[in-house]
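Enquirer:
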Amino acid sequence: AGTGNLGIEALSRGARKVVFVEKNREALNLIEKNLSVCGLKDRSEVLFKDVTQAIGRLKGRGERFDLIFMDPPYEKGLIDKTIGKIFTEKIYSDDSLVVIEHNRREPLPDITRSWNLIRQRRIGDTVVSFLTPLKKEENS
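The opening residue of the sequence shown carries number 1397 in the numbering used here; numbering runs sequentially from there.
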């Protein structure tokens, strides 16, 4: 979640709730501070967890999200692991948008069985990929 700026922006634009997942204590403290300063703590949740643990917890609570933003540390192989967990635990809705920020040297894993890549934007060494879940009839 880093500084939480994208989630805070979503809240300021009307998102009902944002769940931030961060496993770095300093970054987590900064997110909580930013939420307090902006008066948004009541519409947010900050999980101090590894992303796969957080996904399991969210699934256990029956949570589903319309927008999922992933910005994992670059070139650590976390995209494949995370997008796979999001898919298997189905914490997204049928019309969700998944946005992944990654380094251009770390291409997306093979997602064609589960996701549509609808757009990519390159900004220097960074690529932002936009995915939607395949519809059931597309997945057959």
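Glycine included, each C-beta is placed from N, C-alpha and C at the ideal position. Note that the structure is predicted; figures quoted are calculated from it, not measured.
Leaving aside the five residues before and after Leu1513 along the sequence, list all residues of the same chain whose C-beta is less than 8 Å from its C-beta, in chain order.
Expert: Here the set comprises Leu1504, Ile1507, Ser1525, Phe1526, Leu1527.
Enquirer: Given a cut-off of 9 Å on the beta-carbon distance, is the pair Leu1443 and Phe1483 in contact?
Expert: It is not a contact, given that the beta carbons lie outside the stated cut-off.
Enquirer: With distance defined between alpha-carbon atoms, name the residue in Ala1406, Pro1529, Asp1446, Arg1518 nearest to His1498.
Expert: Closest by alpha carbon: Arg1518.
Enquirer: In the structure shown, what three-state DSSP assignment does Ser1432 receive?
Expert: Ser1432: helix per DSSP, three-state reduction.
Enquirer: According to DSSP, is Glu1418 part of a helix, a strand, or is it coil?
Expert: Looking at Glu1418 - three-state DSSP - the assignment turns out to be strand.
Enquirer: Does Ser1408 get closer than 9 Å to chain B when you measure Cβ to Cβ?
Expert: The chain labelled as chain B is not found in the depicted structure, where only one protein chain is given.
Enquirer: Apart from the five residues on each side of it in sequence, which residues of its chain come closer than 7 Å, Cβ to Cβ, to Pro1469?
Expert: No residues qualify anywhere along the chain.
Enquirer: Could you spell out the range, first to last residue, of the alpha helix (DSSP H) harbouring Leu1454?
Expert: From DSSP, the alpha helix (DSSP H) with Leu1454 extends over 1447 to 1456.
Enquirer: Looking at Arg1453: is its Cβ nearer than 9 Å to the Cβ of Arg1412?
Expert: In this structure, Arg1412 does not lie closer than 9 Å to Arg1453 by Cβ.
Enquirer: By Cβ distance, which residues of its chain are closer than 8 Å to Asp1446, with the 5 residues on each side in sequence left out?
Expert: Excluding residues within five positions, the ones whose Cβ falls inside 8 Å are Lys1419.
Enquirer: For Arg1515, which option in Thr1478, Val1494, Asn1430, Gly1473 has the closest C-alpha, if you only look at C-alpha atoms?
Expert: Of the candidates Thr1478, Val1494, Asn1430, Gly1473, the one whose C-alpha sits nearest the C-alpha of Arg1515 is Val1494.
Enquirer: Assuming contact is defined by CB atoms lying nearer than 9 Å, are Ser1408 and Leu1426 in contact in what I supplied?
Expert: No, the Cβ-Cβ distance between Ser1408 and Leu1426 is not below 9 Å.
Enquirer: Please report how far the alpha carbon of Ile1464 lies from the alpha carbon of Val1414, in whole angstroms.
Expert: Distance between the alpha carbons of Ile1464 and Val1414: 10 Å.
Enquirer: Quick check: what's the CA-CA separation for Ser1492 versus Phe1461?
Expert: Looking at the two C-alpha atoms, the distance is approximately 7 Å.
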